[in-house]
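Asks:
Numbering (our numbering), first residue to last: 1 to 129.
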């Protein structure tokens with residue numbers, strides 16, 4: 001029995017989502033130095049209890065509008081300040097919400113945490129001199 005086009009597309013979308021989910025988990029484990037011990041806990045975001053934050057990964061069509069907003073805001077920032085080498089964070093402040101959302105590239109998050117850790121180590125070492 002052959003697969004219908006809709007069924008095939010659904011299967012491919014699920015596979016893509018699972019690949020991206022696994023890549024995000026691996027990157028977060030490196031950033032937070034928190035490897036997953038149990039193989040079963042790698043499958044779904046709900047079982048990533050070894051990480052210090054709750055995660056829901058979206059890919060493809062669900063993520064594209066967020067990417068577009070982030071890309072446009074980043075372009076606006078770097079047009080105004082072309083040589084800014086700091087990691088870029090997009091902050092969304094919706095109406096009727098006291099809190100805000102931040103969107104940052106995963107690689108930039110790792111860079112910020114790593115740089116901060118290095119700065120703390122240097123500060124700690126300089127206090128012992």
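All C-beta atoms in this analysis are idealised placements derived from N, C-alpha and C, irrespective of residue type, glycine included. Quick caveat, the model's predicted, so the values are computed rather than measured.
Going along the chain, which unbroken runs of the alpha helix (DSSP H) with 4 or more residues stay wholly within the segment 53-103?
Replies: Those alpha helix (DSSP H) runs which fall completely within the segment 53-103 and span 4+ residues are 64-80.
Asks: Check whether the segment 101-120 touches the segment 79-88, counting contact only when three or more Cβ pairs, one atom from each stretch, lie closer than 8 Å.
Replies: Yes, they touch.
Asks: With H, G and I counted as helix, E and B as strand and the rest as coil, what does DSSP make of residue 12?
Replies: Three-state DSSP puts residue 12 in a helix.
Asks: For residue 50, which residues of its own chain have a beta-carbon under 8 Å away from its beta-carbon, when the five flanking residues on both sides are left out?
Replies: Same-chain partners within the cutoff: 29, 34, 35, 36, 37, 41.
Asks: Here's a check: name, in chain order, each residue in its chain whose Cβ is nearer than 6 Å to the Cβ of residue 91, leaving out the five neighbours to either side.
Replies: Same-chain partners within the cutoff: 100, 102.
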